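Residues in the sequence shown are numbered consecutively from 1, following UniProt numbering. By construction, the Cβ of each residue, glycine as well, lies at the ideal position given by its N, Cα and C atoms. None of these values were measured; they are calculated from a predicted model. The next block holds one structure in the form of structure tokens; read it before the comments.
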Amino acid sequence: MEIESLAAALEREHQEIDAGIEAFTAEPGVREPLARAVRALRRHIYLEEEFLFPALHAAGLMAPVLVMLREHGEMWATLDVLDGEPDADAALTLCRRLAVQLLHHNLKEEKILYPELDRVVPEPQGERLRGFLDSGETPAGWVCLRARK
């Protein structure tokens with residue numbers, strides 16, 4: 001069996017998060033798909049900021065990493081409001097905003113950063129990342145870099 005590349009695994013996570021948001025917008029009365037998508041996006045941001053971005057930054061991709069960090073902060077603020085369980089109309093508006101944010105953000109990651117992963121992520125860290133992809137959880141209280149006070 002072929003091992004999925006890190007880029008493919010991360011892109012799959014993008015698709016799963018998008019699907020949860022789309023499921024909620026199709027049926028706003030059912031909040032569980034949105035709650036799963038919010039948790040998954042926070043986890044995804046964690047793994048990028050803690051596992052990937054340091055290696056990408058060190059490899060000279062400073063400008064794209066800084067853009068991704070800024071966008072993570074913007075998305076984190078949207079996720080915080082969604083976690084407050086706004087009414088259905090407000091939640092739909094926030095989901096539409098988040099979907100647009102993700103569309104632009106994910107495209108840049110998938111075209112600029114992810115193709116570099118095999119080159120810049122050292123194997124021990126790659127194995128740690130694969131383990132996290134399989135079963136890791138965001139540490140309690142962790143906040144993305146650009147949302148920290």
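Cβ neighbour criterion (16 or more within 10 Å) applied to L107: For the purposes of this step, residue 107 is taken as the residue at position 107 of the sequence shown. Per the 10 Å Cβ criterion, exposed.
Specify the secondary structure class of A140 as computed by DSSP and reduced to three states. Here the question's residue 140 lines up with position 140 in the sequence shown. A140: coil per DSSP, three-state reduction.
Any heavy atom of the ligand ATP inside 7 angstroms of the beta-carbon of G84? Among the components modelled here there is no ligand, and therefore nothing to report on the ligand ATP.
Mind the definition here: the segment 64–83 touches the segment 21–30 only if three or more C-beta pairs lie below 8 angstroms; say whether that holds. As far as the Cβ criterion goes, the segment 64–83 does not touch the segment 21–30, which means the pair count is below three.
Look at the alpha carbon of F132 and the alpha carbon of P64, and state the distance between them as a whole number of angstroms. Counting from one through the sequence shown, the residue named residue 132 turns up at place 132. Counting from one through the sequence shown, the residue named residue 64 turns up at place 64. Going by the C-alpha atoms only, they are around 23 angstroms apart.
Can you give me the start and stop residues for the alpha helix (DSSP H) that R20 sits inside? For the purposes of this step, residue 20 is identified with residue 20 of the sequence shown, where counting begins at 1. At residue 20 the sequence reads Gly, which differs from the Arg that was named. Note, G20: alpha helix (DSSP H), 6–26.
Given F51, which residues of its chain have a CB within under 6 angstroms of its CB, disregarding the five upstream and five downstream residues? Residue mapping note: residue 51 aligns to position 51 of the sequence shown, counting from 1. L129.
Limits of the unbroken alpha helix (DSSP H) element including K108: Position 108 of the sequence shown, counted from the first residue, corresponds to residue 108. Segment 88–108, the alpha helix (DSSP H) holding K108.
Does the separation of the CB atoms of residue 159 and R119 fall below 8 angstroms? Lying before the first or after the last residue shown, residue 159 is absent from the chain, which here runs from 1 to 149.
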